[in-house]
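Undergrad: In the order they appear, the protein sequences are chains A and B. Take the position in the first sequence, starting the count at 1, then add 108; the result is the number in the numbering used here. Take the position in the second sequence, starting the count at 1, then add 108; the result is the number in the numbering used here.
There are 2 protein chains.
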Amino acid sequence: MKIYNLCFLGFGNVGRALVSLLVEKREEMRESYGIEWRIKGVATRRMGWLVHADGFDVEMLLEGGAVSNIKPPAPTDVHEWLRAASADVLFETTSLDPFTGQPGTEHIRAALEHGAHVITANKGPIVHAYEELSQLALKQGRRFMFEATVADCLPVFSMFRECLPTARVLGFRAVLNSTTSIIIEEMERGRTFEEGVRRAQELGVTETEPGYDVDGWDSAVKVCAMARVLMRAPLKLEEVLREGIRNLDSKRIRSARDAGHPIKLVSRAQASQGRVKASVRPEQVAPDDPLAMASGTSLLIYFELDVLPGLTMMAYSPNLKSTAYGLLADFINAVKEEK
Amino acid sequence: MKIYNLCFLGFGNVGRALVSLLVEKREEMRESYGIEWRIKGVATRRMGWLVHADGFDVEMLLEGGAVSNIKPPAPTDVHEWLRAASADVLFETTSLDPFTGQPGTEHIRAALEHGAHVITANKGPIVHAYEELSQLALKQGRRFMFEATVADCLPVFSMFRECLPTARVLGFRAVLNSTTSIIIEEMERGRTFEEGVRRAQELGVTETEPGYDVDGWDSAVKVCAMARVLMRAPLKLEEVLREGIRNLDSKRIRSARDAGHPIKLVSRAQASQGRVKASVRPEQVAPDDPLAMASGTSLLIYFELDVLPGLTMMAYSPNLKSTAYGLLADFINAVKEEK
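(1) Could you have a look at B:ASN177 and say whether DSSP puts it in helix, strand or coil?
(2) My output table needs one value for B:PHE254: the three-state DSSP class, helix, strand or coil.
(3) Of all the options B:SER375, B:ILE111, B:GLN392, which has the alpha carbon lying nearest to the alpha carbon of B:SER194?
(4) Hey, out of B:ASP205, B:ARG146, B:GLY173, whose CA is closest to B:GLY163's CA?
(5) If you measure between the beta carbons of B:ARG251 and B:VAL235, is that distance less than 9 Å?
(6) Going by beta-carbon coordinates alone, are A:ALA256 and A:ALA335 separated by less than 9 Å?
(7) For a contact meaning CB atoms closer than 7 Å, what does B:LEU428 contact in chain A?
(8) Given a threshold of 16 other Cβ atoms within 10 Å of its Cβ, counted over all protein chains shown, does A:LEU262 qualify as buried or as exposed?
(9) Using a Cβ cut-off of 9 Å, which residues of the region 136 to 152 of chain A contact any Cβ in chain B, in chain order?
(10) What residues from chain B crowd round A:LEU128, counting only those whose CB sits closer than 7 Å?
(11) Any idea what DSSP makes of B:SER128, helix, strand or coil?
(12) According to DSSP, simplified to helix, strand and coil, what is A:GLN210?
(13) Could you spell out where the alpha helix (DSSP H) holding A:ARG365 opens and where it closes?
(14) From what residue to what residue does the alpha helix (DSSP H) around B:MET168 run?
(15) Any idea what DSSP makes of B:ARG299, helix, strand or coil?
(16) Quick check: A:ALA224 and A:LEU169, are their CB atoms within less than 9 Å of each other?
(17) Quick one: what's got a C-beta closer than 7 Å to B:ALA328's C-beta in the same chain, skipping five residues either side?
(18) Pop quiz: A:LYS429 and A:LEU129 are said to be a contact at Cβ under 8 Å. What is the actual Cβ separation, rounded to whole angstroms?
(19) How big is the Cα-Cα spacing for B:VAL238 and B:GLY232?
(20) What's the C-alpha gap between B:GLY123 and A:PHE254?
(21) Any Cβ of chain E within less than 9 Å of the Cβ of B:TYR112?
(22) Is the shortest distance between the beta-carbon of B:ASP196 and the beta-carbons of chain A less than 9 Å?
(23) Cα-Cα, which of B:GLY368, B:GLY298, B:ASP260 is closest to B:TYR424?
(24) Give me, in chain order, the residues of the same chain whose beta-carbon lies closer than 8 Å to that of B:TYR369; leave out the 5 immediate sequence neighbours on both sides.
(25) Could you say which of A:ALA192, A:SER242, A:GLU188 lies nearest to A:THR213 if we only look at CA atoms?
(26) With H, G and I counted as helix, E and B as strand and the rest as coil, what does DSSP make of B:ARG281?
(27) What does the alpha-carbon distance come out to for the pair B:THR314 and B:SER289?
(28) Please report the distance separating the alpha-carbon of B:TRP325 from that of B:VAL305.
(29) Say whether chain B places a C-beta atom closer than 9 Å to the C-beta of A:LEU435.
(30) Please classify B:ASN113 as buried or exposed, where buried requires at least 16 other C-beta atoms within 10 Å of its C-beta.
(31) Given a limit of 8 Å on CB to CB distance, which residues of the region 261 to 288 of chain B reach chain A?
(32) With distances taken Cα to Cα, identify the nearest neighbour of B:ALA379 among B:ARG360, B:LYS372, B:ASP414.
(33) Just how far apart, CA to CA, sit A:THR228 and B:ARG269?
(34) Measure how close the beta-carbons of B:ALA308 and B:ILE291 come, nearest whole angstrom, since I'm counting them as under 8 Å.
(35) Can you name the residues of chain B whose CB is closer than 7 Å to the CB of A:VAL415?
(36) On the three-state DSSP scale, how would you describe A:GLY404?
Here it is in C-alpha cells:
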C-alpha cells in the first residue's frame, strides 16, 4: 500500500469536487488498487502556497479553513511548495489561457522536474507544450495526463491509448463546448445572447472568461489537443479556422431550428494529404446526424476511424463530479501499476 | 519480438476479415508492439482440423485453399489440434447457441487448458461460463477476452476495465441488435416482416439462425454478458424479460414512427436493491433520447454511471472490418505487455 502525497494547484469547484470524490472512492481505491492518499499541498492565488505536513483535514479544506502547519519559511513559489509537500501527484486546475498556456505549463514543468505525476484539467499546456511536457514526463518516469481537458470524464485519450491499438483516427466532428450550446438554445427560445450567457453562467459551465467560449477559443484549443494526441498532427491554434457565435442572428437561429436542422458550434478535424484541417464554427446539423444528440450541456465526439466509420461518444448531462472523475481516473491509471 | 501462433476455430466472414486486417496492420503491430504472427491452425466443420507447421499462406487461406502439411496422424479434436498447432492464441468465432453456450465453451476451456489466450466473438460462453472461464484463464496466466461479442468493436469491456477505474455502472439502455432495427425500419417503409428479414440477411448482419435476432435472444445474451462483466451481477438468460419483434403490427410501427417516437428493440438493465433487473423488448423512443440515434445497423449503449449521468457509445454503421477489429484489439491488448 503506497500513500500518495497529493497537491492541488488551483482549488475551485473542480478541485473541491475532486476532494469529495476522493473521499467517496477512498475505500475502493485502497481495496481494488492498493492506493492510499493524503492532501499535503493546496495553492491558490488567494490562499498562497499552503502545505500540511500530515495531510490537510479534508472537511476543513472543503470549508475553506486550510492553513499551513509546516515550519517557516513558507514556500514562495511552485518549486518550494512541491518540495515542502513532497508531492507525488500534482492536480493542476488553474484557469485557461488559450494564447500562452501559462502559468499551467510552468507549473506542470516544475512538478515533472520535481518527480511528481501531473494530472491536469487545463487545456492550454496541451496545445502549447504537449511534446515538451510528454518528453519530460517520459524522461522522469512520470505520467502527464489530461483526460478532463476534453469532454469531462469521457475517456477520449485513454480509450485510444489503452483500448484501440493501431486504430487510426482519420477525423472527428464534435460539440465540445456547452456554454455555446446553452446560449444557442436560449436564443432558439427567443431570449437574447446576453440572457443565454447568464443562463450558462448560472449552470456553472462557462470558462472564467466567457469570451473564450463564445468566440470558439475553448473548442479550438480542444481540437488542437485532440489533433496533437490522437492524430499526431502538430496543429497550431491559429491554424484552426475559427468562428464564434457572437454574431449569430436570432432569426437565423430560430429558422434553422424550425427547419429541423438546428445550429450548433461544431468542431472538426480531418486528415487530408498528410495534413490536418480543422475548424470551429456554427453549422446546421441534420436530424439524423449523431451530432444532433448534443444538446444542453451534453458533449459529443464522432470519430471516423480506419476500422469503424463512426465511433461516437457522448457525455450526457455531465456535472462537476464528472469532471472531477476525469482527474480521479487519470490518477488511478497513472499509479495503478507502480507497486 | 515474439511470433504468435494463431488458431482460428470457425472461419466465416469475421474470421476472413480478421485475417485481412492482421495483414493490413502487420507492420504497425511489429513496430509499435513488437508483435509478429503466423496462422498455424484453422478449423471448421467443413474443412476439419487443419494445421500448417510453418503457418498457412494467407492468400491461399482467404481463397479457401488451405490444407494441412503436418505429418499424420491428423488431429481429430480440439485438444489435438491446439497441440499440433502449438497455439498461443485461439480466435473462437463459431456460431451462437444462446441456450447452452456450446460448443464454444468447450473450445475455450480446451484452449485455456492448453495455455493459449482466447479471443472470442461468441456470446454464448460469456453467459453460460464467464466465471469458470475467467478463473481458468487467471489460473493459467492467460487472457480470456470477448470485446467483439457486444456492439462489434466498441470497447465496451476494455473501456471500463482500463479507462474508468472505480466507476460504477448503475444501469444501461441499449440497441444491441441491428437485424431487428433493419426489420422495423423496413416495416416503417411499408414492407413486410419477411421482406425486412431478407433485407437484414442481404446486409449480412443476421445471426446464422435469424430467430435468435427477432425473438430477442441475441440481445438478451448481450445484456447478460454486460450485466455479468460490468455490473458483476450473475444475471441468467431466463431472468431477462424478453419480447421479440415477431408480433409487432405494421400499423403500430408506422403510427409510432409518424408520431416521432419510433419503436426500437431496447435492451435494459438496472441495478435496484442489490439485484439487476433486465429486459429486451420493443419500446417507443422519444426524439431527444440518445437511443433515437440508433438506426440502421448502428448500435448504441447508454450507460448510467455513478460519476456521469449518461456515458453513451455508438458504433455508427459498423462493418465486418469493425467486428474483426474487436478481435484484433483484444489480441494486441492481451499480449502487449507479455514481453
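Every residue gets a Cβ at the ideal spot worked out from N, C-alpha and C, and that includes glycine.
TA: The answer reads as follows:
(1) If DSSP states are grouped into helix, strand and coil, B:ASN177 belongs with coil.
(2) coil
(3) B:ILE111
(4) B:ARG146
(5) no
(6) no
(7) The contacting residues do not exist; B:LEU428 stays about 11 Å from chain A at best.
(8) buried
(9) GLU136, MET137, SER140, TYR141
(10) Going by the sequence as given, residue 128 of chain A is Ser instead of Leu. The contacting residues do not exist; A:SER128 stays about 11 Å from chain B at best.
(11) Helix, per DSSP.
(12) coil
(13) Element bounds for A:ARG365: 358 to 366.
(14) 166 to 170
(15) coil
(16) no
(17) Around B:ALA328: LEU345, VAL348, ARG350, VAL388.
(18) The beta-carbon separation of A:LYS429 and A:LEU129, rounded to 6 Å, stays under the 8 Å limit for a contact.
(19) It should be noted that the sequence gives Tyr, not Val, for residue 238 of chain B. Cα to Cα, the separation comes out at about 9 Å.
(20) 37 Å
(21) The chain inventory of the structure shown lacks chain E, comprising the protein chains A and B.
(22) Judged by the 9 Å Cβ criterion, B:ASP196 is not in contact with chain A.
(23) Checked all of B:GLY368, B:GLY298, B:ASP260; the closest Cα to B:TYR424 is B:ASP260.
(24) Before going on, a small fix: residue 369 of chain B reads as His here, not Tyr. Contacts found: GLN392, VAL393, ALA394, PRO395.
(25) A:SER242
(26) strand
(27) 11 Å
(28) 16 Å
(29) no
(30) buried
(31) CYS261, LEU262, PRO263, SER266, MET267, GLU270, CYS271, LEU272, PRO273, THR274, ALA275
(32) B:ASP414
(33) Each residue's Cα considered, the two are about 22 Å apart.
(34) 6 Å
(35) Within 7 Å Cβ-Cβ: CYS261, LYS429, SER430, TYR433.
(36) coil
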